Amino acid sequence: MKNPALYLEISNSNFVFTIGKNDDQENFEIIYRLKSQIEGFENNRINDFEKLFNSIKEKIYIIEQKVNFTFKELTLIIDNLEATFINLSGYKKLNGSQISRENITYIINTLKSYVGEIENKKSIIHIFNTKFNLDYKKIENLPIGLFGDFYSHELSFSLIKTSDYKNFEKIFNNCNLKIKKILFKNFVKGVYLSNNNKNLETFIQIKINKKNSQIFLFENNSLKYEQDFRFGSEIIYKDISKITSLKIETVEKILRKINFNQISDEELIEQEFFDDIIYRKIKKKLIYEIIFARVKEISELIIFKNINFKYYNNKFRVIFLDINEKLENECLGDIFSMIFSLNNRIDIKRLDGFSSKNLVNTANRLVHFGWKKEAIPISQSKKSLLARFFDSVFG
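Residue numbers (this note's numbering): 171 to 565.
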């Protein structure tokens, strides 16, 4: 790729523009990054088209002047645009015959058409080959050429509202840019984690932010489901503030200093934290108990009592826990890990080392080389009336 490529990551109200190009070893080198809050986009929704268009147009102009290049296309990496996930299976009776590429193509196109009918106001962004079963036995790869009696093929679909898709398409068309590809951020994360953890194809990732939390399921190297929650670490600080009558700022100072692994039952909060208020005797153990109770409730809402994950709660699984930087600085990350680990069927791993650079590098490889589990519908030539008749009679 001789020319630089443009990537745009959209997360909440933050827009991150990244420009880079591949070197001789196919490594993606970042040339320039621009992070900005964009007007007209709030709570993961476009609330003012004109403001959003003008803001993006301005940033693209700045970028093109900076790198001295006029872009013709870009890749969008989106996070939490009220995505929908659908999992469907298609079947084929073989009666001892061989599975052909046409059989699989027909299943993929048929399921895709069905999703298009039931979700006619949404656009498909990703399709994954999730499971292959031949005669009720799991097959690791596409079983083209194998013989059997009954074949089932499960697909996972990721969709966003068509109105959102068309709005972005119109904005970038007006900026003389074509959307080359749209990627779900959690899909890119899942690919990164799969590539960097050998033989790990199924796992869950939980992200705890300040005002929101998120969980996604990556099964058989496919993004199967994600869910967002309108609560985050901020609720813990509010709980402590409400029960102890301390200001949020004071609570934050206290949590930056306390080591909860080394406190006694009677140990009190030091007087140094009460600079501008009257000192009161508050046990550190009380602060810990407030945190423990709230984090336990958060863990139950997100996964352990989440009906959407009921099926997976009975299976051993790996959970990657992504704690925001503020929680790590205030010693709360360890409490989250400990509480999630109370379920002995779970292997908790802390998500370390995942950066914006990792995100764009992984996205770049996906754009140019694809992913082993992504399914691409293939246009089929029209069959004659006689061929369609025999298909309907003999399947």
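The beta carbon of each residue, even a glycine, is placed where N, CA and C say it ideally should be.
As the structure is a computational prediction, the values presented were derived from the model and not from experiment.
message = So within the stretch 362-438, which uninterrupted beta strand (DSSP E) runs reach at least 3 residues, ignoring any that extend past its ends?
response = 373-378, 383-389, 392-399
Buried or exposed (CB count within 10 angstroms, at least 16 for buried), N538 | Note that residue 538 corresponds to His in the displayed sequence, not to Asn. Classification for H538: exposed.
Which residue from K453, S392, F239 puts its Cα closest to that of L416? K453
- [ ] Alpha carbon to alpha carbon, how far is R487 from N514? Give it in angstroms, no decimals.
- [x] 10 angstroms
- Message: Measuring straight from C-alpha to C-alpha, what distance separates S328 and T254?
- Response: 6 angstroms
Worksheet entry | Burial state of L246 (16 or more Cβ within 10 Å) | buried
Comparing C-alpha positions only, which one of E199, I278, L316, I493 sits nearest to K543? I278
Do three or more CB pairs link the stretch 190-208 to the stretch 522-535 at distances below 8 angstroms? yes
| R450 to I352 span [Cα, whole Å] | 54 angstroms
Check your understanding: What is the DSSP secondary structure of F241, reduced to helix, strand or coil?
Key -> coil
**Counterpart residues of G190 in DSSP-defined beta bridges** = A175, I200
Look at the Cβ atom of P313, then the Cβ atom of I269, and state whether they are nearer than 7 angstroms.
yes
task: State the DSSP-derived secondary structure class of F506, mapped to helix, strand or coil.
output: helix
Considering only C-alpha positions, which residue in the set V361, L529, I297, A545 is nearest to L180? Strictly speaking, residue 180 in this sequence is Ile, with Leu absent from that position. When only C-alpha atoms are compared, the closest one is L529.
- So, do the stretch 219-235 and the stretch 319-336 have three or more beta carbon pairs nearer to each other than 8 angstroms? no
Q) When the Cα of E389 is compared with those of C345, V361, R203, which residue comes out closest? A) V361
Assuming I223 and I341 are in contact, meaning their beta carbons sit under 8 angstroms apart, how far apart are those beta carbons, in whole angstroms?
As written in the sequence, residue 223 is Phe, which differs from the Ile given in the question. Confirmed, Cβ separation roughly 5 angstroms.
Problem set entry | Host beta strand (DSSP E) of D218 (start-end) | It is not in any beta strand (DSSP E) - D218 carries neither H nor E in the DSSP assignment.
- [ ] Kindly list the residues whose CB is nearer than 7 angstroms to the CB of D409, restricted to its own chain and excluding five residues on each side of it in sequence; keep chain order.
- [x] I460, R464
Margin query: Here's the rule: buried if 16 or more other CB atoms are within 10 angstroms of the residue's CB, otherwise exposed. What is T240?
Written below: exposed
- Burial state of G266, where buried means 16 or more other Cβ atoms lie within 10 Å: exposed
Between F185 and F298, what straight-line distance do the alpha-carbon atoms span, to the nearest angstrom? 27 angstroms
Whole-Å CB distance - K574 paired with S326, under 8 angstroms assumed:
The chain is shown only over 171 to 565; residue 574 falls outside these bounds and no answer can be derived.
Between which two residues does the beta strand (DSSP E) containing S511 stretch? Note, S511: premise wrong, no beta strand (DSSP E); not H, not E.
Does the distance from the C-beta atom of E419 to that of K380 stay below 7 angstroms?
-> no
task: Measure from the alpha carbon of E436 to the alpha carbon of each residue in Y458, L425, E422, K423, then state which is nearest.
output: Y458
Using only the alpha-carbon positions, how far apart do S383 and Q397 sit? 9 angstroms
Exercise. When the Cα atoms are used, what is the spatial distance from S364 to F443?
Worked result: 44 angstroms
Review point. Curious, which full-length alpha helix (DSSP H) runs of at least 4 residues does the stretch 439-467 contain?
Key: none
Check K519 in the structure and name its three-state DSSP category. strand
Nearest-angstrom Cα distance between K205 and Y177?
12 angstroms
- If we call anything under 7 angstroms between Cβ atoms a contact, is I200 one with P174? no
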